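Worksheet for the structure shown next.
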Amino acid sequence: MTPAPRTLYDKLWDAHVVVPETDSAPAVLYIDLHLIHEVTSPQAFTELRERGLSPRRPDRTKATMDHSTPTLPAGADGKLPYASAASEAQVAMLADNCATHGIELFDLQSASRGIVHVIAPEQGFTQPGMTIVCGDSHTSTHGAFGALAFGIGTSEVGHVLATQCLLQRKAKTMAITVDGALAQGVGAKDVVLHIIGVIGVNGGTGHVLEFRGSAIEAMDMEQRMTLCNMSIEAGARAGMVAPDQTTFDWVANTPRGPRGADFDAAVAAWSQLRSDAGARFDVEVHIEAADIRPTLTWGTHPGTAIAVDQPIPAANDAADQKGLDYMHFHAGQTLAGTPVDVVFVGSCTNGRLSDMREVAQVLQGRRVADGVRMLVVPGSEIVKRQAEAEGIDVVVRAAGAEWREPGCSMCIAMNGDLV
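Take 1 as the starting number for the sequence shown in the working numbering and just add one per residue.
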């Protein structure tokens, strides 16, 4: 009997089910890679200690410091300017926990440190076909490699540390196909904001998104990571792109990816990680790339995405009106030319080298306007050093913007980088 066609998500799910799902109980899903940081891990390690447990697979756990770490350098006294004693304590606890349990840590002295969702792909830890979790919502970033990656809560961090497994209900599937060539100046961030504007800020709830089509295939890995990163902003459980030669080339150039015969065998397996012809998705969305313009949001959530030259629509409900009032906008207004107070470039969405290069192109020969504050925060130490080797930091500073140390910075603003 010919097996039924399966989606990419079906294949990854089936390959990792330890105990199948039933009406009364979720499935037990094996986790290939567990990424941890200083904010959502301390309570999990405390629970392990209280129960007399140890991490089951410390070799499949990687740690970094990013959420509450300062992006300003140490002062004359050699001390980092932590926003609070609690932030400093979180960093110290992560170091202690990793040392105790033999977990590899990219600490603040590491030449490879940075935001968890930037350094894992950089190092080659993120690979096609994996299940990947982290106590952070933007874990969906790793789906760009054809992995099933999603964020988990602190109690689940403890479960994965103790068992290398997770209880999960299988999600629904949504295929989002973007065909055609993107216009000049339109990037992955515009694409995903446009998608969210189409399906709604809750449109992906309960679904895993698969991004497909010629426009997606033409993207490099950094663009695909931006795309999958923001799946969560549509309410989705995860987002993914089927791996291809672009993916394989990225992994081949990482320091910790497979090598030689192991790499060849991996590519042979990874090449099968595509949705079969005729595979059924619960929802299918088709978008023409030509319809996507540089995109912004006018309100207080990503579902208010519109093209930069498109008038703000009339409020549909009280929430929309509240957003308009909060932003001091009105229906019919266009966002182009709107004055800004603060500009932030960075995070796991847009803190990679291609983002730094684009910033330098925009700032070259220009000055940040009076009264405007601009922070440029590389996503990792590797990004920072390469950008500095290219003189990007010089361009940024000459324009009157701040060039910072790697970290999550204003995205979550736990480290003192506040508006």
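Here a beta-carbon is modelled for each residue, glycine too, at the ideal position from N, C-alpha and C. All values derive from a computational prediction rather than experimental measurement.
* Any chance the segment 353-372 sits against the segment 385-402, with 3 or more Cβ pairs inside 8 Å? -> Flag = yes, the segment 353-372 and the segment 385-402 touch.
* Inter-stretch contact (C-beta, 8 Å, three-pair minimum) for the segment 349-360 and the segment 86-98 -> As far as the Cβ criterion goes, the segment 349-360 does not touch the segment 86-98, which means the pair count is below three.
* Asked: Terminal residues of the continuous alpha helix (DSSP H) containing ILE454?
  -> There is no way to answer for residue 454, as the model of the chain reaches only from 1 to 419.
* To do: Enumerate, from N- to C-terminal direction, the unbroken alpha helix (DSSP H) stretches of 4 or more residues contained entirely within the segment 115-203.
  => Qualifying alpha helix (DSSP H) stretches, in chain order: 116-123, 154-163 and 188-199.
* Do you know whose CA, among ILE36, VAL267, LEU418 and ARG6, lies nearest VAL116's CA? -> Nearest C-alpha to VAL116: ILE36.
* **For MET93, the nearest candidate out of HIS67, GLU38, ASP417 and PRO5 (CA to CA)** => Here the closest residue by C-alpha is GLU38.
* Asked: Do VAL376 and VAL345 have their C-beta atoms within less than 9 Å of each other?
  -> Closer than 9 Å, so yes.
* Please go through the segment 236-319 and give each complete beta strand (DSSP E) segment of 3 or more residues, from N-terminal end onward. => List check, beta strand (DSSP E) in window: 238-240, 283-288, 295-297 and 305-307.
* Can you say whether TYR9 is buried or exposed, counting buried as having 16 or more other CB atoms within 10 angstroms of its CB? => So TYR9 ends up on the buried side.
* To do: Using DSSP bridges, identify the partner residues of ALA27.
  => Paired residues: GLN168.
* Would you report the Cα separation of ASP77 and ARG373, rounded to the nearest angstrom? -> Between the alpha carbons of ASP77 and ARG373 lies a distance of about 27 Å.
* To do: Could you round the C-beta distance between THR226 and VAL192 to whole angstroms and report it? I think they count as a contact, below 8 Å.
  => About 7 Å; that satisfies the 8 Å criterion.
* **CB of ALA331 within 9 Å of CB of ALA315, strictly** => Cβ atoms of ALA331 and ALA315: closer than 9 Å.
* Asked: Pick from ARG60, ARG56, PHE45 and THR22: whose alpha carbon is nearest that of ASP32?
  -> Nearest C-alpha to ASP32 among ARG60, ARG56, PHE45 and THR22: ARG60.
* Asked: Residues bridged to PHE329 by DSSP?
  -> Secondary-structure assignment with DSSP links PHE329 through no beta bridge to anything.
* First and last residue of the uninterrupted alpha helix (DSSP H) at ILE216 -> Counting along the chain, the alpha helix (DSSP H) containing ILE216 begins and ends at 214-217.
* **Inter-stretch contact at 8 Å, needing at least 3 Cβ pairs: the segment 172-179 / the segment 271-284** => Yes, the segment 172-179 touches the segment 271-284.
* DSSP state of GLU402 mapped onto helix, strand, coil -> In this structure, GLU402 counts as strand in the three-state DSSP scheme.
* Quick one: any contact between the segment 336-345 and the segment 229-247, if contact means 3 or more CB pairs under 8 Å? -> At 8 Å Cβ cutoff, the stretches do not touch.
* To do: Along the alpha helix (DSSP H) that carries GLU381, what are the first and last residues, could you check?
  => Taken as a continuous stretch (DSSP letters only), the alpha helix (DSSP H) holding GLU381 covers 381-389.
* Comparing alpha-carbon positions, which option in ALA162, ASP276 and PHE150 lies nearest GLY239? -> It is PHE150.
* Local Cβ density within 10 Å of HIS328, reported as buried at 16 or more and exposed below that -> Residue environment: HIS328 is assigned as exposed (fewer than 16 neighbouring CB atoms within 10 Å of its CB, all protein chains considered).
* To do: Mind the definition here: the segment 269-279 touches the segment 180-192 only if three or more C-beta pairs lie below 8 Å; say whether that holds.
  => Output reads no: the segment 180-192 does not touch the segment 269-279.
* To do: Please report how far the alpha carbon of GLU50 lies from the alpha carbon of ALA44, in whole angstroms.
  => Taking the straight line joining both Cα atoms gives about 10 Å.
* Determine the closest residue to ASN97 out of GLU122, ALA319, THR64 and VAL19, with distance taken between C-alpha atoms. => Selection GLU122, ALA319, THR64 and VAL19 evaluated against ASN97 yields THR64 as nearest (Cα-Cα).
* Asked: So, helix, strand or coil for MET1, using DSSP?
  -> Coil, per DSSP.
* Going by CA-CA distance only, name the one from LEU161, GLY197, PRO255 and SER110 that's closest to ILE132. => Ranking LEU161, GLY197, PRO255 and SER110 by CA distance to the CA of ILE132 puts LEU161 first.
* Rounded to whole angstroms, how far is the Cβ of ASP190 from the Cβ of THR295, which I believe are closer than 8 Å? -> 4 Å between Cβ atoms; contact.
* Asked: Buried or exposed: THR304, going by 16 or more other Cβ atoms within 10 Å of its Cβ?
  -> Taking all protein chains in view, the Cβ of THR304 is crowded by 16 or more other Cβ atoms within 10 Å, so the residue is classified as buried.
* **Residues bridged to GLU88 (per DSSP)** => DSSP, once it has assigned bridges, lists no residue as partnering GLU88.
* **Burial state of LYS62, where buried means 16 or more other Cβ atoms lie within 10 Å** => A buried status is given to LYS62, since no fewer than 16 other beta-carbon atoms sit within 10 Å of its beta-carbon.
* Would you mind reading off the limits of the alpha helix (DSSP H) that contains GLU50? => Segment 42-50, the alpha helix (DSSP H) holding GLU50.
* Whose C-alpha, out of VAL396, VAL241 and PRO258, is nearest the C-alpha of LEU273? -> Measuring C-alpha to C-alpha distances from LEU273 to each of VAL396, VAL241 and PRO258 identifies VAL241 as the nearest.
* Does DSSP classify LEU72 as helix, strand or coil? -> In the structure shown, LEU72 sits in coil (DSSP, three-state: anything other than H, G, I, E or B).
* Same chain only: Cβ atoms within 7 Å of GLY102, ignoring 5 sequence neighbours per side -> If we look at GLY102 and ignore the five residues flanking it on each side, its Cβ neighbours are PRO58.
* **Touch test, the segment 404-413 against the segment 113-127, Cβ-Cβ under 8 Å, three pairs minimum** => Because the criterion of three Cβ pairs below 8 Å is met, the segment 404-413 and the segment 113-127 touch.
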